[in-house]
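J.: Below is the structure I would like to discuss, written out as structure tokens.
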Amino acid sequence: MMDRSTRRPPLVDPPPLVDPSARRRSRRRATSFATPTRHSKWRHSKWLCLGLLAVAAALFAGLPPEAWAQSPTAAQALALKPLQPDATYETVPADAVAKCTVNDITEAGQNGWEVVAADGQMLRRFVDTNGDKKIDLWSYFNYGVEAYRDIDADFNGKADQYRWLGNSGTRWGLDQDEDGRIDSWRRISAEEVSAEVVAALRDKDPRRFVRLLATPSELKALGLGEAKLAELEMKAKLAARNFAELAKNQTVIGPDTEWLQFAAPAPGLVPEGTGGSTKDVVVYENVVAMYENGGQSGQLMVGTLVQVDDRWRMVTLPNVGSEDGALTQTGGLFFTPGGVATAAMPSTDSGLQDLVTQLESLDKKLASAGEAGLPALHAARAELVEKLITASGNDEDRATWTRQLVDTVSVAVQSGQYPSGLDRLKTVSGKFARSNEALAAYADYQAIQADYFLKQTPDADFEKVQTWYLQTLADFVDSHPRTIEAAQAMLQLALAKEFEDNEKDALAYYRKVRDGYKGTEAGEKAAGAVQRLESVGRKIELEGATLDGKTFKLSALRGRPVVIHYWATWCEPCKQDMKLLSRLQGRYKRQGLTLVGINVDARRADAEGFVRENRLPWIQLFEEGGLESSRLSKAFGVQTLPTMMLVDKDGTVVRHNVRAAELDAAIEEMVK
């Protein structure tokens, strides 16, 4: 038996050898020569001796007719690597490579090569499956079983699907823009979701997390009742918005963390008719991911997972717990959380456990209740959580339960399931957070936001509501200075001053946040806003990547006037702007008018689908994080949509915020 080894990284990406940026560089080096190019051609002549990297690339990219007559050597074929860094596959020691053989594949519908070990076990297969003489399937084996494959499904010379097979798992990733990074999952198990969550936290990677969340269309497809659908949509939206901040601030999941295993009660079925649902729904409640970090084991509360076709989807933020690995019980979204999470509770007090049991019972009732019964059940649940806060034996547990009370009541209020919960929400900081300024600020700020939401009824006096909101925010800043919520409040106050065209006061707020909250999301957003408001008459730069994976630099457009348009698929005025922009692009074609769209959706797939469906013929940039956390939105402190900026042909900002009604005249003036 040949002495071979398996390239078996942790079930999530391997930890960095030096630092995260070094790991990213090494990944690019490892995969760049293995990427199929758009111009690959498979011709039957002879191989040239091009050196290891050139020949490895040639196997993907192809050579001219006179270059091929014989198969690649085993060394050349084994030099190729999967595009996804966490693929598990068998590697061969250098002194054993010469014992491997490369065989031609000439089967019905398949042509290519396979690499076989001396003992007859399969190692690699590289195949053309559609007869166009281009490799479109790259298969990697582990102990004779296919474990992973890269797939070029549209036969354009670049891989766009990645599959884990055999005992390596079931993941099936889709890469719409063919940049080597997975955009969405066609198939992923609950176990693999838990591993991906650990990896996303470890790498502080919002993109990796967001692709695990159920999309609005997926939630609608579940056939949930109206109230439950609204609740889950709101939770998923908040999770996408807040993950970047959670990953940045948490200290439990470190850079060397490895996922170990999945733990959860048995999956359950929520039957058709529950709460007005039209289909059976299969769910896991209180999923836990077990991990190891620096030799210490820990638990991460993944929460509820719902099954959508062949995919398991998240709907909430994970709970990273405390540094000692302990988790606090959280309420399930559909029914009883079960034994795993209960066992993870640090407290053994029987009275506390009785309260948790009652909470589980209430969660069952909430999952199946009709709309009319929801307010009373939410009130009863909130009362139980308040008792849990009082009964908890330490400050950490009390803070955890208090935050859960704020979160659940706030969501219930804003989803319309518990309107009277606002009164309870307003009392939380005084009753349970008097000695914890950060928690008190969090509770009060959420109460203000919920109150503002409820006040915005169709018949409300908008000006009166807005005046109340801004004064309440100003009072909040005075009451809770130096808290992160105070920074959020000042950003809202600054935005209001922008709407009033009072840039002096807006800049004062933005500078206060920029200088007082450096290193935070709010501080970065404020710094970008200062840059935008001070940009008129100055040259600016903006760099990023387009939706189709191309590098973009605003300075590369010098010589052409530019409209920068921030938008999202959920912004209806943005869509109306696009019709106007399309007309103006045609009107000012001779002047070289160039449009640059910047999408700030939480999910890349939403932006890609909209652009594809509407065939927008101009540059579209995207970066993960959404309106709140995307680097592109923070670059100019964009808080509201649509936002448009005008840049002249010299790269100088002419307008830092131009309205649609002013756009035509502003462009005409700019191009004179």
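Numbering-wise, the sequence shown is residues 1 to 672 according to full-length UniProt numbering. Here a beta-carbon is modelled for each residue, glycine too, at the ideal position from N, C-alpha and C.
(1) Quick check: the segment 448-468 against the segment 407-419, are there 3 or more CB pairs under 8 Å?
(2) Would you call the CB atoms of residue 517 and residue 489 closer than 7 Å?
(3) Could you say if the segment 590-598 and the segment 509-528 meet the contact criterion of at least three C-beta pairs nearer than 8 Å?
(4) Would you check if there are 3 or more beta carbon pairs closer than 8 Å linking the segment 655-670 to the segment 607-617?
(5) Drop a sphere of 10 angstroms on the beta-carbon of residue 293, count the other beta-carbons inside from all chains shown, and report buried for 16 or more, exposed for fewer.
(6) Can you find at least 3 beta carbon pairs, one from the segment 642-649 and one from the segment 555-574, that sit closer than 8 Å?
(7) Measuring CB to CB, does residue 268 end up less than 7 Å from residue 335?
(8) Figure out for me which residue from 519, 470, 483 has the closest Cα to the Cα of residue 496.
(9) Short of 6 Å in beta carbon distance, which residues of its chain neighbour residue 28, apart from the five on each side in sequence? Order them along the chain.
(10) At a cut-off of 6 Å, is residue 664 close to the ligand PLP when judged by its beta-carbon and the heavy atoms of the ligand?
(11) Which term fits residue 296, buried or exposed, when burial requires 16 or more other beta carbons within 10 angstroms of its beta carbon?
(12) Mind the definition here: the segment 207-227 touches the segment 275-287 only if three or more C-beta pairs lie below 8 Å; say whether that holds.
(13) Evaluate contact between the segment 302-313 and the segment 367-374, counting only Cβ atoms and requiring at least three cross-stretch pairs below 8 Å.
(14) Does DSSP put residue 618 in a helix, in a strand, or in coil?
(15) Give me the residue from 97, 400, 147 with the minimum Cα distance to residue 385.
(16) Have a look at residue 202 and residue 380 and give me their C-alpha separation to the nearest angstrom.
(17) Can you check DSSP and say which residues form a bridge with residue 79?
(18) State the beta-bridge partners of residue 122 as determined by DSSP.
(19) Please report the straight-line C-alpha distance between residue 658 and residue 591, rounded to a whole angstrom.
(20) Run through the UniProt domain "Thioredoxin" (520-672) for me and flag every whole beta strand (DSSP E) of 3 or more residues, listed as ranges in chain order.
(21) For the alpha helix (DSSP H) holding residue 424, just list the boundary residues, first then last.
(22) Between the Cα of residue 259 and the Cα atoms of 522, 103, 194, which residue gives the shortest distance?
(23) Considering just the uninterrupted stretch of the alpha helix (DSSP H) at residue 476, what are its terminal residues?
(24) On a Cα-Cα basis, can you pick out the residue from 106, 109, 102, 108 that is closest to residue 116?
(25) If you draw a straight line from the C-alpha of residue 311 to the C-alpha of residue 533, how long is it?
(26) Can you check DSSP and say which residues form a bridge with residue 161?
(27) Between residue 535 and residue 442, what straight-line distance do the alpha-carbon atoms span, to the nearest angstrom?
(28) Let me confirm a value: residue 502 is counted as buried when at least 16 other C-beta atoms fall within 10 Å, else exposed. Which label applies?
(29) What does the alpha-carbon distance come out to for the pair residue 182 and residue 378?
(30) With DSSP as the reference, please indicate the residues paired to residue 128 in a beta bridge.
(31) Taking a contact to mean a Cβ-Cβ separation below 7 Å, would you say residue 123 touches residue 90 in this structure?
(32) Looking at the structure shown, is residue 203 part of a helix, part of a strand, or coil, going by DSSP?
(33) What residue does the alpha helix (DSSP H) around residue 491 start on, and which one ends it?
(34) Please list the terminal residues of the continuous alpha helix (DSSP H) segment that includes residue 168.
(35) Which partner residues of residue 386 appear in the DSSP bridge assignment?
T.: So, to answer that:
(1) In short, these stretches touch, since the Cβ pair count reaches three.
(2) Between residue 517 and residue 489, the gap from beta carbon to beta carbon reaches 7 Å or more.
(3) Not touching, per the Cβ criterion.
(4) Below 8 Å, too few C-beta pairs join the segment 655-670 and the segment 607-617 to call them touching: fewer than three.
(5) So residue 293 counts as buried.
(6) At 8 Å Cβ cutoff, the stretches touch.
(7) Yes, Cβ-Cβ distance for residue 268 and residue 335 is below 7 Å.
(8) Ranked by how close their Cα comes to the Cα of residue 496, the residues 519, 470, 483 have 470 in first place.
(9) Here the model assigns residue 28 a pLDDT of 28, short of 50, so the residue's position is not dependable, and the following value carries that caveat. Answer for residue 28: no residue qualifies.
(10) Absent from the structure shown: the ligand PLP. Ligands present: none.
(11) By the beta-carbon neighbour count (other beta carbons within 10 angstroms, threshold 16), residue 296 is exposed.
(12) Yes, the segment 207-227 touches the segment 275-287.
(13) No, the segment 302-313 is not in contact with the segment 367-374.
(14) Reduced to three states, the DSSP call for residue 618 is coil.
(15) Answer by Cα proximity: 400.
(16) Roughly 37 Å between the two C-alpha positions.
(17) The secondary-structure analysis by DSSP pairs residue 79 with nothing; it has no beta-bridge partner.
(18) When DSSP reads this structure, residue 122 sits in a beta bridge with 116.
(19) Those two C-alpha atoms are separated by around 19 Å.
(20) With a minimum length of 3 residues, the continuous beta strand (DSSP E) runs that stay inside the UniProt domain "Thioredoxin" (520-672) are 543-545, 551-553, 562-567, 594-599, 619-622, 643-647, 653-655.
(21) Note, residue 424: alpha helix (DSSP H), 421-432.
(22) When 522, 103, 194 are compared, the shortest CA-CA separation from residue 259 is found for 194.
(23) Unbroken alpha helix (DSSP H) run through residue 476: 462-479.
(24) Minimum Cα distance to residue 116 is reached at 102.
(25) Rounded to the nearest angstrom, the two C-alpha atoms are 44 Å apart.
(26) According to DSSP, which records beta bridges pairwise, residue 161 is partnered with 151, 174.
(27) If you take the alpha carbons of residue 535 and residue 442, they lie about 34 Å apart.
(28) Taking all protein chains in view, the Cβ of residue 502 is surrounded by fewer than 16 other Cβ atoms within 10 Å, so the residue is classified as exposed.
(29) Computed Cα separation, rounded: 39 Å.
(30) When DSSP reads this structure, residue 128 sits in a beta bridge with 111.
(31) In this structure, the beta-carbon distance from residue 123 to residue 90 falls below 7 Å.
(32) In the structure shown, residue 203 sits in a helix (DSSP, three-state: H, G or I).
(33) 484-499 is the extent of the alpha helix (DSSP H) around residue 491.
(34) For residue 168, no alpha helix (DSSP H) encloses it, and the DSSP letter there is neither H nor E.
(35) The partner list for residue 386 (beta bridge, DSSP) is empty, contrary to what the question assumes.
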